[in-house]
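Read the structure below first, then the notes.
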Amino acid sequence: MKPVVHKLNRSRSMYRVAVVGCGGTGAALIGGLPFLHQALTAMGHPGLQVIVADGDKVSLNNCVRQPFSESEIGLFKSTVLVNRLNLFWGLSWQASTQYVTRKTGGKVDILISCVDTRTARFEIIRSPLFKDCAYWLDIGNTADGGQFVLGQPKNSRNRKTPHRLPTVAELFPEIIKPAVDKDDDLPSCSAVEALERQEPFINQTLAFHALAMLARLFRHRQITHHGGFINLASGRLAPLQIMKITGFED
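The number in the numbering used here is simply the position in the sequence shown, starting from 1, with 466 added.
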């Protein structure tokens, strides 16, 4: 069967990106974004303008599995990560020390959520920020697996978009149900206990596969899959192919 292709509208403007969450996956993804930015600028595109949002501060536990040091304990994660990138790469990206809630506004082209609770996703999809973004990329993980899904929210920005890519919330509605959180006994990505209960490199694996998908979308202006499922225990990666039924039209 010939794969269905999703094509990106041509743009000569900077892509505005918001990353929500600076835990294990978020930090890995944020660290990879400058490479995507460099690839775009090398081809003559203005590249990315990024804002990173997280209200969490660095704790001792975070210094085990996340890229923080004990000298950074007490500082906001978002500020630490963005300052590093700006200094090393000569960027002017921004950091927000606020959590994204249903009151958070702003206009971005791509909203990337790297949060570890359904409650956090529930707040994100009710925010003005979500209601005015072109794409939503969500990345989530379990002990030894996870998924990344790129979708186009059913909002004012995508009202006239043909063959709209479904979001992770449309494909898997339980992922935004806060009541399910209490049944999930996995520790947060920042807990020391996660070393015992969560496979090393699951965060980086998911983040880099998601970045690779974005790179294909930006560089080649088209993709044939809009996500994937990864299982480190079995070594399997299953792409989420774009189906002809995409769009979830009214």
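Where is the CB? At the ideal position from N, CA and C, for every residue including glycine.
All of these numbers come straight from a predicted model, not from anything done at the bench.
Residue range of the beta strand (DSSP E) that includes Ser544:
Locating residue 544 in the sequence shown gives position 78, where the first residue counts as 1. Taken as a continuous stretch (DSSP letters only), Ser544 belongs to no beta strand (DSSP E), being part of the alpha helix (DSSP H) at Lys543 to Trp555.
Let me see if you follow: with CB-CB separation under 8 Å, is Gln618 close to chain D or not?
Of the protein chains in this structure there is only one, and it is not chain D.
Alpha carbon of Met679 to alpha carbon of Gly571, nearest angstrom
In the sequence shown, the residue the question calls residue 679 occupies position 213. In the sequence shown, the residue the question calls residue 571 occupies position 105. Each residue's alpha carbon lies about 26 Å from the other.
Identify which residue in Arg623, Ala505, Leu603 and Ala508 has its Cα closest to the Cα of Leu495.
Within the sequence shown, residue 495 is the residue found at index 29, counting from 1. Looking at Arg623, Ala505, Leu603 and Ala508, the one whose alpha-carbon comes closest to that of Leu495 is Leu603.
Pro644 to Arg587 span [Cα, whole Å]:
Indexing the sequence shown from 1 puts residue 644 at position 178. Indexing the sequence shown from 1 puts residue 587 at position 121. Near 9 Å, if we compare the C-alpha coordinates of Arg587 and Pro644.
Just to confirm my understanding: we take Gln688, look at its own chain, exclude 5 residues before and 5 after, and list those with CB closer than 6 Å. What are they?
One-based indexing of the sequence shown puts residue 688 at position 222. Within the same chain, Gln688 has close Cβ partners Val471 and Lys473.
Determine the DSSP secondary structure at Ser562, reduced to helix, strand or coil.
Walking along the sequence shown from the start, residue 562 turns up at place 96. Secondary structure of Ser562 (DSSP, three-state): strand.
Measuring straight from C-alpha to C-alpha, what distance separates Ile576 and Ser537?
Locating residue 576 in the sequence shown gives position 110, counting from the first residue. Locating residue 537 in the sequence shown gives position 71, counting from the first residue. Between Ile576 and Ser537, the alpha-carbon positions lie close to 32 Å from each other.
Assigned secondary structure, Ser579 (DSSP; H/G/I helix, E/B strand, else coil):
Here residue 579 is taken as the residue at index 113 of the sequence shown, counted from 1. DSSP places Ser579 in strand when its eight states are reduced to three.
Say whether the segment 590-608 touches the segment 633-640, bearing in mind that this needs 3 or more beta-carbon pairs closer than 8 Å, one atom from each stretch.
Yes: at least three Cβ pairs fall under 8 Å.
Less than 7 Å between C-beta atoms, sequence neighbours within five positions excluded: which residues of the same chain meet that for Ile642?
For the purposes of this step, residue 642 is identified with residue 176 of the sequence shown, where counting begins at 1. Excluding residues within five positions, the ones whose Cβ falls inside 7 Å are Arg584, Arg587, Phe588, Ile591 and Ala635.
Comparing C-alpha positions only, which one of Val546, Val615 and Ile578 sits nearest to Asp522?
Here residue 522 is taken as the residue at index 56 of the sequence shown, counted from 1. Ranking the options by Cα distance to Asp522, first place goes to Val546.
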